[in-house]
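J.:
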Amino acid sequence: METKRPDLVNAVPPYGHVICSEKWRDSPLIQGLKDGDVRVLFEADLGVADLLLPGRSSVLFLSEAEVVGGGYRRRAVRYRAGGGLQQLVLVQRGPLSLQEFPGLQRFVVLDLGLALLPVAGATEAAQLIAQMVGV
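Position one of the sequence shown corresponds to residue 537 (this note's numbering), numbered consecutively onward.
1) If you measure between the beta carbons of valine 574 and cysteine 556, is that distance less than 7 angstroms?
2) Given this structure, state the Cα-to-Cα distance separating alanine 666 from glutamine 623, to the nearest angstrom.
3) Could you pull the start and end residues of the alpha helix (DSSP H) that glutamine 622 belongs to?
4) For glycine 568, count neighbouring Cβ atoms within 10 angstroms of its own Cβ and tell me buried if that reaches 16, exposed if not.
5) What number of angstroms, rounded off, separates the C-alpha of serine 594 from the C-alpha of threonine 659?
6) Leaving out five residues before and five after proline 549 in sequence, what residues of the same chain have Cβ atoms less than 8 angstroms from its Cβ?
7) Comparing alpha-carbon positions, which option in Ala612, Glu579 and Leu646 lies nearest arginine 561?
8) If you follow the beta strand (DSSP E) that arginine 642 is in, where does it begin and where does it stop?
9) Buried or exposed: where does glutamate 602 fall if 16 or more other Cβ atoms within 10 Å of its Cβ makes it buried?
10) Leucine 653 to aspartate 581, Cα distance in whole Å?
11) Buried or exposed: where does valine 645 fall if 16 or more other Cβ atoms within 10 Å of its Cβ makes it buried?
12) Apart from the five residues just before and just after alanine 651, which ones in its own chain have a Cβ nearer than 6 angstroms to its Cβ?
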């Protein structure tokens, strides 16, 4: 009988490192983190969070496609239920998602009580995460 590995919600990477979900491996977000001298460790069983940061912080990154498609609601609810000390939702805000952003903001901040930061794209998100990691 095969045993499932538990989610790595309680994993804490060392300063200057992030643990990232495997699905972001070849993305501009990861390239931006590496350009910012952040060491990235990949994990397939990360759970709902996209990134784990030092200091028991986690990040859920919502792309513009997820916002426009409306697929963010279930992920955000699962992320909130997953717990963690400091939870942050980064959302890519672009020309396609301008109309949906107020509804997303209301849902994430007021309904779920999570911190929300809009970013222009993956490069800006990588710069913000690099600052949070302390590089």
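Glycine residues also receive a C-beta, built at the ideal position from the N, C-alpha and C atoms. All of these numbers come straight from a predicted model, not from anything done at the bench.
T.: Let's see:
1) One-based indexing of the sequence shown puts residue 574 at position 38. One-based indexing of the sequence shown puts residue 556 at position 20. Going by C-beta atoms, valine 574 is not nearer than 7 angstroms to cysteine 556.
2) Position 130 of the sequence shown, counted from the start, is the residue given in the question as residue 666. Position 87 of the sequence shown, counted from the start, is the residue given in the question as residue 623. So the alpha carbons of these two residues sit roughly 16 angstroms apart.
3) For the purposes of this step, residue 622 is taken as the residue at position 86 of the sequence shown. No alpha helix (DSSP H) contains glutamine 622, which is instead part of the beta strand (DSSP E) from 622-628.
4) Counting from 1 along the sequence shown, the entry for residue 568 is found at position 32. Glycine 568 is buried by the Cβ-count criterion.
5) Counting from one through the sequence shown, the residue named residue 594 turns up at place 58. Counting from one through the sequence shown, the residue named residue 659 turns up at place 123. Cα to Cα, the separation comes out at about 18 angstroms.
6) Position 13 of the sequence shown holds residue 549. So the list reads Ile555, Leu577, Leu588, Leu589 and Pro590, once near-sequence residues are dropped.
7) For the purposes of this step, residue 561 is identified with residue 25 of the sequence shown, where counting begins at 1. For the residues Ala612, Glu579 and Leu646, the minimum Cα distance to arginine 561 belongs to Glu579.
8) The residue you call residue 642 lines up with position 106 of the sequence shown. Run containing arginine 642: none; DSSP gives neither H nor E here.
9) Reading the sequence shown from its first residue, position 66 is the one you call residue 602. Label assigned to glutamate 602: buried.
10) Here residue 653 corresponds to residue number 117 of the sequence shown, with the count starting at 1. Here residue 581 corresponds to residue number 45 of the sequence shown, with the count starting at 1. Going from the Cα of leucine 653 to the Cα of aspartate 581 covers about 25 angstroms.
11) On the sequence shown, position 109 is the one that residue 645 refers to. Per the 10 Å Cβ criterion, exposed.
12) Residue 651 sits at position 115 when you count from the first residue of the sequence shown. The residues are Leu624.
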